[in-house]
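Engineer:
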Amino acid sequence: MQGLVQAMQTQAHTQAALQAQLEAQERADVWWASLLRTRFEDGAIDVAWDEFVRLFRTKFVPEHVQDRMEQEFLSLDQGSMTVLEYEARFSELSKYAPHIVADEHMKTKKFLMGLKPSLRTRLVAFDHRTLDEALSTACRQEGEMEQYLEEKKASQKRPAATFQ
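Going by this note's numbering, the sequence shown opens with residue 20, and the numbers climb by one from there.
(1) Mind reading off the beta-carbon distance from residue 150 to residue 126? Whole number of angstroms is fine, and I expect it under 8 Å.
(2) Smallest Cα separation from residue 101: which of 93, 154 and 141?
(3) Just checking my contact of residue 166 with residue 138 at CB under 8 Å: how many whole Å lie between their CB atoms?
(4) Is DSSP giving residue 48 helix, strand or coil here?
(5) Any idea if residue 129 is buried or exposed, counting beta-carbon neighbours within 10 angstroms, 16 or more meaning buried?
(6) On the criterion of 16 or more Cβ atoms from any shown chain inside 10 Å, does residue 191 qualify as buried, or is it exposed?
(7) Have a look at 134, 93 and 131 and flag the residue whose alpha-carbon is nearest the alpha-carbon of residue 118.
(8) Assuming residue 133 contacts residue 105 (C-beta within less than 8 Å), just tell me the rounded distance between them.
(9) Does the Cβ of residue 84 have 16 or more other Cβ atoms within 10 Å, making it buried, or fewer, making it exposed?
(10) DSSP on residue 164, reduced to helix/strand/coil?
(11) According to DSSP, simplified to helix, strand and coil, what is residue 105?
(12) Is it right to say residue 109 is buried, meaning 16 or more other beta carbons lie within 10 angstroms of its own, or is it exposed?
(13) Hey, out of 163, 86, 135 and 45, whose CA is closest to residue 112's CA?
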């Protein structure tokens with residue numbers, strides 16, 4: 020009986036989430052249609068993606084939330100994340116700091132500076148021109164570091180041979 024109640028509660032939560040999603044989508048659709056009618060009266064419906072994103076965020080993401088997300092991006096570091104997890108979070112938050120990520124060199128530098136110090140020091144010798152290059156090298160170096168640590172750990176577990 021308890022399982023049935025939990026299943027019904029889960030279904031109710033799922034339906035509520037879907038309803039909220041549909042309402043948000045409808046609200047966005049109404050906003051966009053209105054914007055096209057009022058702001059782009061001259062029939063110029065070709066809106067650059069960056070402009071659309073800026074308008075959308077202005078309407079639906081409060082400024083204090085945008086500021087908080089930008090601060091989170093600026094203070095982001097790898098911490099206990101893998102390189103790929105860090106890059107995913109970096110990319111997700113980067114949209115809140117367009118002034119940094121618009122320049123590939125600055126974006127790459129910010130990414131590298133957020134890596135763990137042990138990994139970052141292994142990457143300074145490389146000249147990374149793009150984030151993709153830096154990411155590829157960081158993943159490779161992370162893999163090598165993990166392999167080294169596993170081998171070191173395995174060698175410490177082996178009993179030492181005694182010579183007599």
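A virtual CB, placed ideally from N, CA and C, is assigned to each residue, including glycine.
Structural biologist: Taking the coordinates as given:
(1) 6 Å
(2) 154
(3) Contact doesn't hold; Cβ gap of about 14 Å is too wide.
(4) helix
(5) buried
(6) It is not possible to answer for residue 191, since the shown part of the chain is limited to 20 through 183.
(7) 93
(8) 7 Å
(9) exposed
(10) helix
(11) helix
(12) buried
(13) 86
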